[in-house]
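Notes follow the structure.
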Amino acid sequence: MKKVTFLFILLFCITIISAQDYFPKNEGVKEENNNYTAFTNATLYVTPTQVIKNGTLLIQKGKVVAVGKSVTIPENSIRVDLKGKFIYPSFIDPYSDFGVGKPEKVKGRGPQYESKRSGFYWNEHIMPENNAIDKFEYQKKKAADLRKAGFGVVNTHIMDGIARGTGVLVALNDDGNDADRIIDDRSVQYFSFSKSVASRQSYPSSLMGGMALLRQMYSDAEWYASGNSTTKDRSLEALIANRKLVSIFEAGNKGNDQRADKIGDKFNLNYIIVGGGDEYESIENIKATNAKYIIPLDFPEAYDVSDPYAVNYLTLEQMRAWNQAPTNPKVLSENGIVYSFTTYKLKKPSEFKAKLLKAIKYGLDKTKALESLTIIPAQMLQQGNKIGSLQPGRYANFLITSGDVFDKKTVLYENWVQGNKNVINNKDQKDIRGTYSLSAGGKNFDLIISGEVSKPKSEVKLDTVKYSSKLKYSENWITLSFTDKTSNDTYQTTAIIPSEGESFSGKLVLPNGAIRSFTATRKSLDVPEKKSKDEKDSIALEVVPLTYPNVGYGFSVKPIQQNILFKNATVWTSEAEGILSQTDVLIKNGKIDKVGKNLNAEGATIIDATGKHLTAGIVDEHSHIATSSINESGHNSSAEVSIEDVLNPEDINIYRNLAGGVTTIQILHGSANPIGGRSAIIKLKWGNDANGLLLNNSPKFIKFALGENVKQSNRQSFDRFPQTRMGVEQLYINYFNRAKEYDIKKKSGKAYRYDEEMEVLAEILNGERFISCHSYVQSEINMLMKVAERFNFRINTFTHILEGYKVADKMKKHGVGGSTFSDWWAYKYEVNDAIPYNAAIMSSLGITVAINSDDSEMARRLNQEAAKSIKYGGMTEEDAWKLVTINPAILLHLDNRIGSIKEGKDADLVLWNDNPLSVYAKVEMTLIEGTVYFDIDNDKQKRSAIKSERNKLIKMMLKEKAGGKKTQSPKKEEHINFNCETIN
Amino acid sequence: MKKVQQYILLVTLGFGLSTIAQQTPAGEQKEVVTIVGATAHIGNGTVIKNSLVIFENGKITFVVDATTTKIPYRGTVIYAQGKHVYPGFIAPNSTLGLGEVDAVRATRDYDEIGSMNPHIRSLIAYNAESKVTESIRPNGILLGQITPRGGTISGTSSIVQFDAWNWEDALVKEDDGIHLNWPNTYKRGRWWLGEPRGYKPNKDYPEQLEKIKSFIKQAEAYGKTPADSQNESFDAMQGLFNGSKKMYVHTNGEKEIIDAITTLKESGVQRIVLVGGYEAYKVTNLLNKNNVSVLIQRVHTTPSNADDDYDLPYKLPILLVEKGVLVALQSSGKMERMNTRNLPFLAGHLVGQGMDKEMALQLITYNAAKILGIDKDYGTLEVGKSATLFISEGDALDMKTNLLTYAFIDGREISLETHQTKLWKRYMKKYSGE
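Just so you know, the protein sequences line up as chains A and B, in that order. When you number the first sequence by this note's numbering, it's gap-free, plus one each residue, and the end is 1162. When you number the second sequence by this note's numbering, it's gap-free, plus one each residue, and the end is 469.
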């Protein structure tokens, strides 16, 4: 009888769905089915917060007709009694590539600078004209997997490129066709920071380039929309046409979440951001984005730390990520952030439930969890009137479960999509768990059936001898085989389970092949309790606390500004006062308050600095640490990009630089192109976020570059202009001429196309932005000065400037400073004539000279590099020390704030145990604006804290492995130590 | 301009005494040289404050305390009161002379193709006239072990002195050792092929280890009887089994070090030197038990792991010396050739970290000579040894005061002029208007 009903329902559904009003039909007669289905006696979640006990859900033609406690059930209804069972709205995955897939990766050699398309945007990674519906092909197998995980609707798109076009909202309805299941064929539009795999166009080669490209794309769209273009651009037209659609931005980690939001803010867009699961680490900033999120649940697996050597490759940061990431959903919820979940990033949808349960175990509220799977994604996609709840009029998309959907033991029976039933587990299957006595082949065995109702496990014993056994139970048929381990004798049984009664019997195949019958009789419903793994598993592991930043050597409490009196130090002022012995320095409210003898502490903490040396913090004019990209090499000019966009406040090099006495750095763009990107000037305030590192009211700088790198001499690349120093000059002249014309047009009030690159170059022409130019040989140095003079501005700094000594007189006349290496040479052809006397020679002609690092290692001992100028060229100690303090501060236009020990300046100080220019000197303390960011004693504590926390986490992970959890082998994250040449 | 003139004065002071032209090797020592009054740093830990050092025919004949001795001054007398005299510093594991400009392929001669290249010899490619080598000498580095790079077995090194017409003249010790790059248990993801960046377990490690083992075994077996057919690479390996050649095994990880030493010992390799040794401090017992000395990785590097002590690379030599391991410094790595001139400052840096100053010096003199097997003639200021030494205005381990006035190799007074000093003077002259 039951089977008949089932078949009937199936037929009935198909009839509903294929009835398209105006379609002719030739395969048979055209008829309609207006029957209802009523689900009664269920615990009914209409929404996550509206729960009806013993409720009825009435559906017809794929939609909810009525829901409630007392629903009038029409005569022409199929009734389904769901006593003891639960109904939930099915889940929605707002971020998927279901039925669309990724395009194939294009292969090729050598860079491609120009777009190969025409009639579209100039950059191939911008494809708003793509519509996922054009590629959509329903995939039954994948739909089944998603339904098994509880999903009824997914929002899919072409997961490729920076602007990806529109998506498709599709119900996972196998029985209907696209006419039924496509809920919206232009559901939302999509963006990301990842380039298309189908294009080899070089630009953007970096994250900051991606950001600049998106900004330019939006302003170009505005300009295009006002009818300014004389040519047709189908990409921009599509972007304009999609303007009203919701935008989803795949950011992928906490830093990129904020970067996406920053772009959105500029253009008044509220992206829904696809996060990375690490949002808990910067929750305040994430909250401040005011964005809605889509959160993947790919919590990292524990690392297999059973090989103690392999453990060395793991960082505390990685171990913590494993330990802390499961708290991400909870933290997001607690902070009032609205988000949906997605199966994106999971290897397969079947992992979803376990991950979600883990999040709940780590404190995520169940109601919030359900909201994030139903009404929130529905509202995000602006489809709350169709999906996400079981209110009348919504699609009949729901789950029937044995109990609380977020309970591990709960069985998902059915997943109904648009009124079509999909059986996941047979809900009418009898619960056969219990303790049985089994008589077979003249022996009496003990049989215990335990585990899940739909997937029971067996245990067979003869007296005290345990048999190995295998149990299969489906469609009311049971198959049990058990084997005597010593004799290898196997008994096979099979039986149908009767709907009534406490015993079942059936066919038995004895070890000798003889066929008999057997009977099993349930003695008790109880099964002997074992302290199951599940129970132990139900408690979350201890979560270790976050630090600032959340990596090794982070602070457990952010350090605070102090008032300090340094007593009796040798003070290297880097001012006209020179080096003062036995002098006190008082710092107050982050500033240097007084410098003198026998100062009153005025309540400040006293540090006895007798025998020690106190200096201003080291300023590094040329650094590449604390950033996640360095070069935008996709174009020969990239003034539109900015390092400020891509700061990485978690770079351990910040801490290591502090340990070398560095307090302020200019993070320069690399030297991949003649016109590089804008700099970031930061203070190394370890523990602060990106904004906290940035210097307030920072002077504006941009990196230019000359020489072999910009000509791509040492790369297998022959296509990009310029390939010679001759070309480099013309490139500058061309860009500056264009910038000049742009600026004139802009200032004239005429309509103009906003061009971020030209804006930046115009700032240079207007004296608002300074150039720090990577330079090697004298010809090019001279050339750039002449180009600048022709456009009525001055080059601020030549960095590297290895042949500066050859044109020092001309540099002096031009008024440019030099920031150089102490002794590097012979690494390229253009440094054949680089000499370590360079700094001394340029200084002797009155040029402001600094020694810089361009290297995260050398940055840790710039004091020693400065000292080399004493050896090479005979500088005085006083002058040598200026090379890394006040002189770079002058070059950065920050000498009124930092670079020397002078009353009123920022209290950026370093305490050394010896003459700072001596190779024997060591930093004991580094302060920025009165806050101690490095302290050699505190460092020792940090080391031991790291050790014990690592041990703790290693033990926890060993336990995970012993408990049978999946683990991954330790991987070492590559820390790229950037320099000018790094392409990233 | 006043400043310029001061500098010019310094130029003349610093280099005016030396009359030998840049790059032209000095002739044989003809006259006896006596150095009086300098603080002599012997190189083995001892110091003579007011010393008298005499050498003739290229050999040191006296090193005594000048305050107590009655020995007459002979030949050319250099009064060096307040100055310091040191044995010439030694740069092991160096590619000086095998490359000139890093970025120019045509000038690079240190890395041959193939993985098992013990027969590849650095000596014959050594460019005795390299401008880079010339720039190293004025900082006191007068000898080096010229070492090929690349492959699994890179080849055979030789030891040279830095003032010669050609490689034959430069030779101090021929084919002193074979250099083996031990495979890593972790390898980098080939991100350019779409693999994730970062390091992951190297599944091929056991196989790579087996290849090395088998190669050594084959070489050993080959040496047991006269060969029917000459095998050059097996021939080159023979010295390893009788101890006449050392095996320099380049590796850093703890597990790799253990594997390397165990494997090499079991394969009959007599003398092993570990090069790199980032985690060697974790296995000092093993090193000592097997008499393994260490050419420790460049002191000036960043820690390999994020959680490592910021100063771990600075103190690695200290951690080894404390446990009685024989250690010397070297400076292979980024821009290694031009960077070799900072070798003394690598030693100096250790002093700031707590190492005794004379011990730090020993790591670039006596210990280096001992590890390279040239300690009979070089590495210390001792009677009978080669007069390969220099005089510095001040402490040669500190960049502030490392200022050479004289340097001698085998008693020959070498030029301290370089391509770089020449340019310096030339442009200072230009600006002073002379």
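Positions of the beta carbon are idealized from the N, C-alpha and C atoms, including for glycine.
Span separating the alpha-carbon of residue i from that of residue j
i: Met558(A); j: Val643(A); result: 59 Å
i: Asp100(B); j: Val67(B); result: 18 Å
i: Asp391(B); j: Val356(B); result: 11 Å
i: Pro352(B); j: Arg372(B); result: 21 Å
i: Ile674(A); j: Arg694(A); result: 15 Å
i: Glu91(B); j: Tyr441(B); result: 16 Å
i: Leu1087(A); j: Val1110(A); result: 9 Å
i: Gly789(A); j: Lys465(A); result: 49 Å
i: Tyr316(A); j: Gly454(A); result: 28 Å
i: Ile742(A); j: Met1103(A); result: 12 Å
i: Lys1149(A); j: Ala1028(A); result: 40 Å
i: Val735(A); j: Gly339(A); result: 41 Å
i: Ala469(A); j: Lys440(A); result: 11 Å
Buried or exposed by the 16-neighbour rule on C-beta atoms within 10 Å, applied to residue i
i: Val304(B); result: buried
i: Phe896(A); result: exposed
i: Gly756(A); result: exposed
i: Lys1144(A); result: exposed
i: Pro706(A); result: exposed
i: Lys411(B); result: exposed
i: Thr54(B); result: Here Thr54(B) scores only 49 on pLDDT, less than 50, and its place in the model should not be relied on; the value that follows carries that caveat. Result: exposed.
i: Gly51(B); result: Residue placement at Gly51(B) cannot be trusted, given a pLDDT of 39 that sits under 50; what the coordinates show is reported in the next sentence. Exposed: under 16 other Cβ atoms inside 10 Å.
Run of the alpha helix (DSSP H) containing residue i, from where it starts to where it stops
i: His454(B); result: 454-467
i: Asp1117(A); result: 1114-1140
i: Glu937(A); result: 934-943
i: Leu351(B); result: 347-357
i: Trp401(A); result: 385-403
Partners in chain B for residue i, counting only beta-carbon separations shorter than 8 Å
i: Gln1042(A); result: Phe380, His384, Met434
i: Asp456(A); result: Simply none; closest approach about 16 Å.
i: Asn892(A); result: Ala138
i: Ile1029(A); result: Correct list: empty, because the minimum Cβ distance to chain B is about 12 Å.
i: Ile1019(A); result: Tyr42, Trp459, Tyr462, Met463, Tyr466
Neighbouring residues, chain B, relative to residue i (Cβ below 7 Å)
i: Lys878(A); result: Ordered by position in chain B, no residue passes the 7 Å Cβ test against Lys878(A), which lies about 30 Å from the chain.
i: Asp987(A); result: Tyr466
i: Ile1013(A); result: Gln455, Leu458, Trp459
i: Arg834(A); result: Thr337, Tyr345
Terminal residues of the beta strand (DSSP E) in which residue i lies
i: Thr579(A); result: 576-579
i: Pro272(A); result: 269-274
i: His791(A); result: 791-794
8 Å Cβ cut-off: residues of chain A touching residue i
i: Glu135(B); result: Ala1004
i: Thr336(B); result: Glu1035
Chain-ordered neighbours of residue i on chain A, where CB pairs are closer than 7 Å
i: Ala341(B); result: Thr493, Glu495, Val729, Gly730, Ile830, His1153
Within chain B, partners of residue i - CB distance below 9 Å
i: Glu886(A); result: Ala138
i: Lys1165(A); result: Limits of chain A in this structure are 179 at one end and 1162 at the other, which puts residue 1165(A) out of reach.
Contacting positions in the stretch 74-99 of chain B - beta carbon closer than 9 Å to chain A: Across the stretch 74-99 of chain B, no CB contact with chain A closer than 9 Å is found for any residue.
Taking a cut of 9 Å between CB atoms, which residues from the stretch 1077-1103 of chain A lie near chain B? Legend: CB atoms of the stretch 1077-1103 of chain A lying less than 9 Å from CB atoms of chain B belong to residues Asn1091, Asp1092, Asn1093, Leu1095, Ser1096, Val1097, Tyr1098, Ala1099, Lys1100.
Selection of the stretch 449-467 of chain B by Cβ proximity to chain A, strictly under 7 Å: Hits within the stretch, in order: Gln455, Leu458, Trp459, Tyr462, Met463, Tyr466.
Interfacial residues, the stretch 969-986 of chain A to chain B, with Cβ spacing under 8 Å: Only Tyr983, Lys984, Ala986 from the stretch 969-986 of chain A bring a Cβ to less than 8 Å from some Cβ of chain B.
Determine which residues of the stretch 282-300 of chain B have a Cβ less than 8 Å from any Cβ of chain A, and write them out in chain order. Within the stretch 282-300 of chain B, the residues whose Cβ lies closer than 8 Å to some Cβ of chain A are Gly288, Glu289, Lys290, listed in chain order.
At a Cβ cut of 9 Å, what residues of the stretch 367-378 of chain B count as close to chain A, listed as they run along the chain? Within the stretch 367-378 of chain B, those residues whose Cβ lies closer than 9 Å to any Cβ of chain A are, in chain order, Lys369, Met370, Arg372, Met373, Asn374, Arg376, Asn377.
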